[in-house]
Amino acid sequence: MRFAGRSIPRSTSASDAVAFDFAAAERVKRIDPGRTLARRRDDALPFLGHTAFAGGPLLLDTCVYLDQMKGTAPDAVDRLADIRIVNHLMVAVQELIFAIGFLSEDDPRMPNVKAAIKRIVEAMPRHRLFVPDADVMGRPPSLPASSPERRAMPRTIGPRRSTTAPCSCRRKSSA
């Protein structure tokens, strides 16, 4: 099979193949984009509250790491991380590293940002780092194209680029 002048490598064994179900990704896209989930009442949501308690393992969102770096994470979050197993997702690591790549080296915030992110990432035990499988990474990109907002936009190839970066970091203009 040829694609853009290059041959597409074929797997030679089951161990070097990444399993991805294209049909399943297409089925996800068929979800009614006009239908939204109803918002649950706050008292029905599993908020942490002021008390940390033993339980199952945690998988932290990027905002938890950002709050820890800024020193704004609630004490209950720190206590919870002390008493539970904490797993880390490589997607969150990627989002943290993005901030380093987004700031220019001459930005005065760069040394502190880089040191804080390095401290967080290097504290993650290797056996607690998880990479999403092919289905987890492959299905969500089919959803934005089916949203009403996206259908109203001109079709382009490739993802839309955001004009803002995480942590309110912005490149200094050269003007």
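In my numbering, each residue carries its 1-based index in the sequence shown increased by 1. Every residue, glycine too, gets a C-beta built ideally from N, C-alpha and C.
Among the options, nearest to residue i - alpha-carbon criterion
{"i": "Ala77", "options": "Ala55, Gly50, Arg110", "result": "Gly50"}
{"i": "Asp68", "options": "Glu123, Arg110, Asp134, Ile118", "result": "Ile118"}
{"i": "Lys71", "options": "Gly56, Ile121, Ala25, Leu81", "result": "Ile121"}
{"i": "Cys64", "options": "Pro109, Pro75, Gly57, Asp22", "result": "Pro75"}
{"i": "Val132", "options": "Glu123, Leu97, Asn88", "result": "Asn88"}
{"i": "Pro126", "options": "Asp43, Met91, Gly102", "result": "Met91"}
{"i": "Pro58", "options": "Phe23, Leu81, Pro112, Asp136", "result": "Leu81"}
{"i": "Gln95", "options": "Arg41, Leu130, Asp79", "result": "Leu130"}
Residue burial classification, residue i (beta-carbon count within 10 angstroms, cutoff 16)
{"i": "His128", "result": "exposed"}
{"i": "Met138", "result": "exposed"}
{"i": "Ala45", "result": "exposed"}
{"i": "Ala100", "result": "buried"}
Whole-number beta carbon distance between residue j and residue i, since they are thought to touch under 8 Å
{"i": "Asp62", "j": "Ala93", "result": "7 Å"}
{"i": "Ala53", "j": "Ile86", "result": "About 13 Å; that fails the 8 Å criterion."}
{"i": "Leu104", "j": "Tyr66", "result": "With a Cβ gap of about 17 Å, Leu104 and Tyr66 do not count as contacting."}
{"i": "Asp234", "j": "Asp22", "result": "Outside the modelled stretch of the chain, which goes from 2 to 176, sits residue 234, for which no answer is possible."}
Sheet register partners of residue i (DSSP bridge)
{"i": "Leu61", "result": "DSSP, once it has assigned bridges, lists no residue as partnering Leu61."}
{"i": "Asn88", "result": "Leu60"}
{"i": "Phe131", "result": "Leu90"}
Closer than 8 Å to chain D by CB, residue i
{"i": "Ala55", "result": "Absent from the structure: chain D. Only one protein chain is present."}
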